[in-house]
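These notes concern the structure reproduced below.
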Amino acid sequence: MPADLLSGSIIIRIFSQERKPEGDNPSKWAEIERREASLWRTSLLLLVLLALTVVYVADKSVRPLTGRFGELPYGLVVLIVLFGLYVWTQRREIARLRNYLQGFAEGQSRGPSDEQLEKLFEVVSRSQTSFRELIDSFDRIAFSISLDGRIQVVNREFANILALPFASVVNHPIEEFILEPGRADLERVLPRFIEKRSWNGVLRVRWKKSNEVRYYDCTIYAVVKDGSVVGASGLARDISSQREAESRFTDLFETLHEGVYISQPDGTLVDANPALVRTLGYSDKEDLFSARPEDHFFNPSEFGPLLAVLDRQGFLRDQEILLRRKDGASIPVLNSCVAIRDASGQIVRIQGSLVDITERRQMERRLREEQEFVRRLVACFPDVIVVLDTDGRYTFVSPRIQELLGYTPEEFVDGTLEERPHPDDRDAVMKFFTNLVSGKTPVGTVEYRTRHKDGSWRVFRANASPLTDSEERVIGVVASARDVTEAKRLEQQLLQSEKLAAIGQMVSGVAHELNNPLTAIIGISDLLRERAPDDSSRRQTELVQKQARKAAGLVQGLLMFSRPSRPLSQKIRIEDLIDRAIDLRRGVLDSCRIAIALEHANDLPAVDADPNQLAQVFVNILSNAEQGISSARNHGRIEIHTGVSDGKLEILIDDDGPGIPAEIRSKIFDPFFTTRRAGGGSGLGLTICLVIVKEHGGSIEAQSSPLGGARLRILLPASKFHAVLHSGTASPQRREGLKGRSILVVDDEEDIRDLVSEGLGARGAIVDTARNADEAWNRLSAKSYDGVICDFNLTGMGGLELFDRVLQRDAHGAPRFLFITGELLDLGQVSSLERKGARALQKPFQVSELAAALEKFFADLDSRPM
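Per the numbering used here, the sequence shown runs over residues 1 to 866.
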């Protein structure tokens, strides 16, 4: 068989060995035999001793064992004996062969005998059979080929590939079976092979029979005879599957979008795929590999710690690093790599992938910006935004909740909707929520009350809609809720204002009718008080007058609130007005044992204001303070401080009364709101104060006082001019009182005419009366008068029309008109009258007030230059 050629070479080598020199001493072979026999004897002795020892141990210690374990020592003895027999027989075989060889060596001068050759070939034949079986069991191709390309030796693997018997392969040219490589290819590389006498590598082979291409990992050595290469022999392993896998890997390596690299431990790149080359901005691999390792890192100092982590744990997963492109720009990537180590554990290679996350970072940045935009939008949104799950549990609450209800968002989250509304509103809110979750209501609005952290109840209006997932399933509710407590209050105020407007219109319509009888009552009671014969009568008339003035004040307040007039602006000192208000309330304050403390800042600016209206503000505030203190105890203290704050005049009025509870502080300026018992007040005092202060461009607010009671803080704009009208300015020379003045009283109410006529006549005036404008015109045409007291709203021709006719007739010699009216005149009307030389007095009034107004009117006229 072909394998016999391989085993035959062994025989040739044996017979081709150099002969032993004849001078060798054959006794050396005997000495070797003796030593070998001694060795075998010693081994057998040791085996016997071991057997005896086992028997001894079995007899002494193992004997108590029962069953199959009791026979174990004897089985060991049998095995040892059999092993000894085997060693002995093998020793005899080896010794017999050695004897043959020794005899052959001793008789080499005369050649081996036939018996020796027969024995030797018997041994060699057995060796050949074993060797041939070994060669045929290889899973690789074993071959030997001559230099002319003729196959000399192959194993079974080669024959199986060709599906031919050995006889059809051996001694045949190799080109009968292989197309590639051809003879020309072999002759081209043959000189270098003869020179090197070995070659290893991958060989591409195309088989002639199947035309199939296979790849083999080959190791080929030259066959040398007498110093010359006569052929080649070697082994070849089929690596086609591996080569195909490598090809697929290469294709994958080249087409991956992620960058793949292989580098040395110092960062020097060994290989990289095109994606990495493009990512780093290089033209090709050579261009990439020409850069230094530190040039690839935007922060080269990061490489050391990166390598330390890799050395410690052997791999990295999604480690974000910053690389530098060829153009110098930074590029964030995710690095995943593994360390390849040698047998000593040292890192010899690093291989991994780099994922460009520039777009991801841009998307994350845009997402963060959008989230920040939404967060800020939600934060600055005037409503509170809430999200609830289908169980009614809060999962998100915007920060606005802290401003509206005093709770932090964390205090709301994980709480339930059911526990928040007012008990009376809970059922409606939960029904609304259930309809949203069930899909019955796509969007809706509900109003409910909920408790503030300070314990007060606030009114909220919520707009809500279902929250769905990507599959349009309802997963909760999103809602915006707005605090409408103030809006509801304003709605109530608007309703109240509308009522007041209706009342104002009604009062305005009947004011003349109301003020005329009140004027008569006040005037007559004043006259009766002056003429009262005793103290009892005087007190009774004062009581009538007091109640009439109270009714007149109520009508005046209603008129002012329903149709507030614009203030008549003058430059005044605020100290003078405060002193005037205190003087008006001095008697009541003293009777209640309430002390007044004043503290005025230096160089206070003047204010442009209507002195009468501002005085009414201070009177109302002092009245409220007095009543608050009196309800708590029989003495108290009021402090008034004036100063400048932020360019405005500031007035602080403090008292030590019971104060204003926080829950009603925002309501004290509401119309008709009062804490006094029924019938104790109209609830319009502070409302009128608010209206007047706002008309003057200022503000008023209630606070807690350092004295323990209430503080009212008033801010008024300071005057741009410094000239101030002082109430104490000396009057010019004029005639004393009204004595000798001729006055015409024009009013369609007889009682008013009689009252004014009697009162002014008692003060020395010469009084005539007229029932209407026509009668007054006739009297004015027939007689000259110093002054005319005329009702503004006369039946038929009005008082203003009469006044205009008089001015047209005699502009310079016309009498001075003082209009009396039950309506509130606005600033335009008052200014128009003053420009024409007329004045106005509000009904109801006392005769003394009318007389004082006339005296001042005439005094102003007398002080004018001629």
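Just so it is clear, CB atoms sit at the ideal spot from N, CA and C, and this is done for glycine as well.
Who does residue i pair with in a DSSP beta bridge?
| i | result |
| --- | --- |
| glycine 787 | Ile743, Arg816 |
| serine 719 | DSSP, once it has assigned bridges, lists no residue as partnering serine 719. |
| glutamate 320 | Leu334 |
| glutamine 313 | Glutamine 313 pairs with nothing; no bridge assigned. |
| threonine 358 | BP columns for threonine 358 are empty, so no partner. |
| serine 867 | No statement about residue 867 is possible, as the shown extent of the chain runs from 1 to 866 and does not include it. |
| aspartate 271 | Ile262 |
| phenylalanine 857 | Phenylalanine 857 is not bridged to any residue. |
| glycine 352 | Tyr261, Cys337 |
| lysine 440 | In DSSP, lysine 440 forms no bridge with anything. |
| serine 848 | None, per the DSSP bridge assignment. |
| leucine 598 | Ile640 |
| glutamine 545 | DSSP output for glutamine 545 lists no bridge partner at all. |
| isoleucine 347 | Arg341 |
| serine 146 | Gly231 |
| phenylalanine 289 | Paired residue(s): none; phenylalanine 289 is not in a bridge. |
May I ask whether a heavy atom of the ligand NAP can be found less than 7 Å away from the beta carbon of residue i?
| i | result |
| --- | --- |
| phenylalanine 253 | No copy of the ligand NAP appears in this structure; indeed no ligand is present at all. |
Which residue wins for smallest C-alpha separation from residue i, given the options the options?
| i | options | result |
| --- | --- | --- |
| phenylalanine 433 | Lys453, Leu467, Val413 | Leu467 |
| alanine 595 | Gln842, Asp656, Val413 | Asp656 |
| valine 484 | Thr445, Lys856, Glu626 | Thr445 |
| arginine 341 | Gly328, Pro265, Ser283 | Pro265 |
| asparagine 171 | Glu575, Val693, Gln152 | Gln152 |
| serine 283 | Tyr261, Ala853, Leu404, Lys326 | Lys326 |
| serine 525 | Leu690, Arg237, Ala782, Lys546 | Lys546 |
| serine 480 | Gly439, His452, Val384 | Val384 |
| phenylalanine 412 | Met430, Val387, Arg426, Val429 | Val387 |
| glycine 476 | Asp389, Asp424, Pro409 | Asp389 |
| histidine 296 | Leu323, Leu614, Val607, Asp238 | Leu323 |
| alanine 163 | Leu190, Ser210, Ser781 | Ser210 |
| leucine 854 | Ile820, Glu749, Arg835 | Ile820 |
If we ignore side chains and look at the alpha-carbon of each, how far apart do residue i and residue j end up?
| i | j | result |
| --- | --- | --- |
| glutamate 849 | alanine 520 | 13 Å |
| arginine 317 | tryptophan 207 | 46 Å |
| aspartate 774 | methionine 797 | 7 Å |
| arginine 13 | serine 144 | Bear in mind that the predicted position of arginine 13 carries a pLDDT of just 36, short of 50, making it unreliable; the figure below should be weighed with that in mind. The straight-line gap from Cα to Cα measures roughly 18 Å. |
| isoleucine 220 | glycine 149 | 14 Å |
| proline 399 | proline 382 | 11 Å |
| leucine 186 | glutamate 244 | 25 Å |
| alanine 632 | serine 456 | 26 Å |
| alanine 838 | serine 623 | 33 Å |
| isoleucine 867 | glutamine 627 | The structure shown has nothing for residue 867, since the chain only spans 1 to 866. |
| glutamate 418 | tyrosine 448 | 12 Å |
| leucine 276 | valine 229 | 50 Å |
| alanine 859 | leucine 833 | 18 Å |
| asparagine 299 | glycine 328 | 12 Å |
| isoleucine 664 | leucine 495 | 20 Å |
| cysteine 689 | serine 465 | 45 Å |
| histidine 422 | alanine 548 | 47 Å |
| threonine 674 | glycine 685 | 9 Å |
| arginine 366 | isoleucine 714 | 51 Å |
| valine 544 | leucine 755 | 16 Å |
| glutamate 258 | arginine 278 | 10 Å |
| arginine 538 | leucine 584 | 20 Å |
| alanine 581 | glutamate 486 | 33 Å |
Report the CB separation of residue i from residue j in whole angstroms; it is logged as a contact under 8 Å.
| i | j | result |
| --- | --- | --- |
| threonine 350 | alanine 343 | At residue 350 the sequence reads isoleucine, which differs from the threonine that was named. Actually they do not touch by this definition, with Cβ atoms about 18 Å apart. |
| threonine 450 | arginine 420 | 5 Å |
| serine 757 | valine 745 | 6 Å |
| proline 844 | asparagine 515 | 5 Å |
| histidine 696 | leucine 712 | Contact doesn't hold; Cβ gap of about 15 Å is too wide. |
| proline 709 | glycine 659 | Just to set this straight, residue 709 is glycine in the shown sequence, not proline. About 5 Å separates the two Cβ atoms, so the contact holds. |
| isoleucine 651 | isoleucine 574 | 7 Å |
| alanine 236 | tyrosine 216 | 4 Å |
| phenylalanine 249 | valine 260 | Rounded, the Cβ-Cβ distance is 10 Å, inconsistent with contact. |
| arginine 771 | aspartate 748 | 6 Å |
| glycine 764 | glycine 737 | 6 Å |
Completely contained beta strand (DSSP E) runs for the segment 213-262, where each covers 3 or more residues: 213-225, 228-238
Runs of beta strand (DSSP E) wholly within the segment 370-424 (minimum 3 residues, chain order): 384-389, 394-397
Within the segment 600-683, ranges of the beta strand (DSSP E) (whole runs, at least 3 residues): 607-609, 636-645, 648-655
Length at least 4, wholly inside the segment 152-197: the alpha helix (DSSP H) runs in chain order: For the alpha helix (DSSP H) assignment, the uninterrupted runs of no fewer than 4 residues enclosed by the segment 152-197 are, from N- to C-terminal side, 156-162, 183-196.
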